[in-house]
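Trainee: Reading the sequence shown from the start, the letters are residues 1 to 237 in UniProt numbering.
Just so you know, even glycine gets a beta-carbon here, dropped at the ideal spot from N, CA and C.
Quantities reported herein were computed from a predicted structural model and do not represent experimental measurements.
Submitted below is the structure of interest, expressed as structure tokens.
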Amino acid sequence: MGSNDDAIQIPIDALERHLLSGSPSFSKKEKDEDEEDASMVLYTASFEEMEERFIKYQTAKWVLYSLVLILAWGIGLLMLLYLPVRIYIARKEFRSKKLYLTPDAIIYKVCRPLSIPCFGDLKKEKYIILPSVADVILEQGYIQSYFGLYSIRIEYKGVRRPASDDVNIQGVAVPSDFQKAVLTQLSSIRSEQLGKQASTSLEVPSGDLILQKLDEVEGSLKRVHALIETSAQISNS
1 MGSNDDAIQI
11 PIDALERHLL
21 SGSPSFSKKE
31 KDEDEEDASM
41 VLYTASFEEM
51 EERFIKYQTA
61 KWVLYSLVLI
71 LAWGIGLLML
81 LYLPVRIYIA
91 RKEFRSKKLY
101 LTPDAIIYKV
111 CRPLSIPCFG
121 DLKKEKYIIL
131 PSVADVILEQ
141 GYIQSYFGLY
151 SIRIEYKGVR
161 RPASDDVNIQ
171 GVAVPSDFQK
181 AVLTQLSSIR
191 SEQLGKQAST
201 SLEVPSGDLI
211 LQKLDEVEGS
221 LKRVHALIET
231 SAQISNS
């Protein structure tokens, strides 16, 4: 005979699968937008392989926080009771994640259920223009290293912002490939901009060229006129 935990786990898993299968992350309109974006995509990040690791990581964090709060105020007991809902929210959020690289931007989309899932979802779309990106950083905390997870942090260039303003994405499979793709595209954009600036500085507009030639002719005439006057003065003396 199985334990009580096994008896409870089966209906929870069944309920979770039912909710996930019956709750699409995005509407048909949003799927059409995804197809339009896909036509310009240079690189698509994959999340699927890291789903179970991400769920275990989120569960471990939640349990640790709950145990600490049980010792402190006792609130952690309620958090432990909320754990199945928390797992459902984390799984649905993770399955909705989409991360693209286009020639001009990084596109990140995610749909996260509210703390009480029946109240709806919070949909977030982030378009990061590549010229505004300073760097793409891979980070791995202590708990993340235990589950083999990385976070991708996208830093903005210009005035330094708080770290909380940077885009932070967890659970990307092979994050180094995404980092390499972004940095390669950034390098290409910057090289193209430098090439345009160099060619612009070398090119002289036709109107300016005519004025330059007229100035040279005027200068030559003034020198000839000065020589004539000097010769006339010498002959008179």
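Closer than 8 Å by C-beta to G219: which residues in its own chain qualify, once you throw out the five before and the five after it? Chain order, please.
Mentor: Same-chain partners within the cutoff: there are none.
Trainee: Looking only at DSSP bridge pairs, what is A105 linked to?
Mentor: DSSP lists I129 as partners of A105.
Trainee: Can you list, in chain order, the residues of its chain whose CB lies under 8 Å from that of L122, leaving out five sequence neighbours each side?
Mentor: C111, R112, P113, L114.
Trainee: Tell me, please, which residues DSSP counts as bridged to C111.
Mentor: DSSP lists K123 as partners of C111.
Trainee: If we ignore side chains and look at the alpha-carbon of each, how far apart do L186 and K98 end up?
Mentor: Approximately 20 Å between the Cα atoms of the pair.
Trainee: Which one of I169, L194, L221 has the shortest CA to CA distance from I106?
Mentor: Of the listed residues, the one whose Cα sits closest to I106 is I169.
Trainee: What does the Cβ neighbour count give for V217, buried or exposed, with the cut at 16 atoms within 10 Å?
Mentor: V217 comes out exposed.
Trainee: Taking all protein chains shown into account, do 16 or more other C-beta atoms lie within 10 angstroms of the C-beta of S96, making it buried, or fewer, making it exposed?
Mentor: Under this definition S96 is a buried residue.
Trainee: Taking its Cβ as the centre, do 16 or more other Cβ atoms sit within 10 Å of L101, making it buried, or is it exposed?
Mentor: Label assigned to L101: buried.
Trainee: For V182, which three-state DSSP category applies?
Mentor: V182: helix per DSSP, three-state reduction.
Trainee: Just verifying my parser: in three-state terms, what is the DSSP assignment at D135?
Mentor: D135: strand per DSSP, three-state reduction.
Trainee: Whole-angstrom Cβ separation of I143 and Y57, contact assumed at under 8 Å?
Mentor: Yes, they are in contact, since the Cβ atoms of I143 and Y57 sit about 6 Å apart, within 8 Å.
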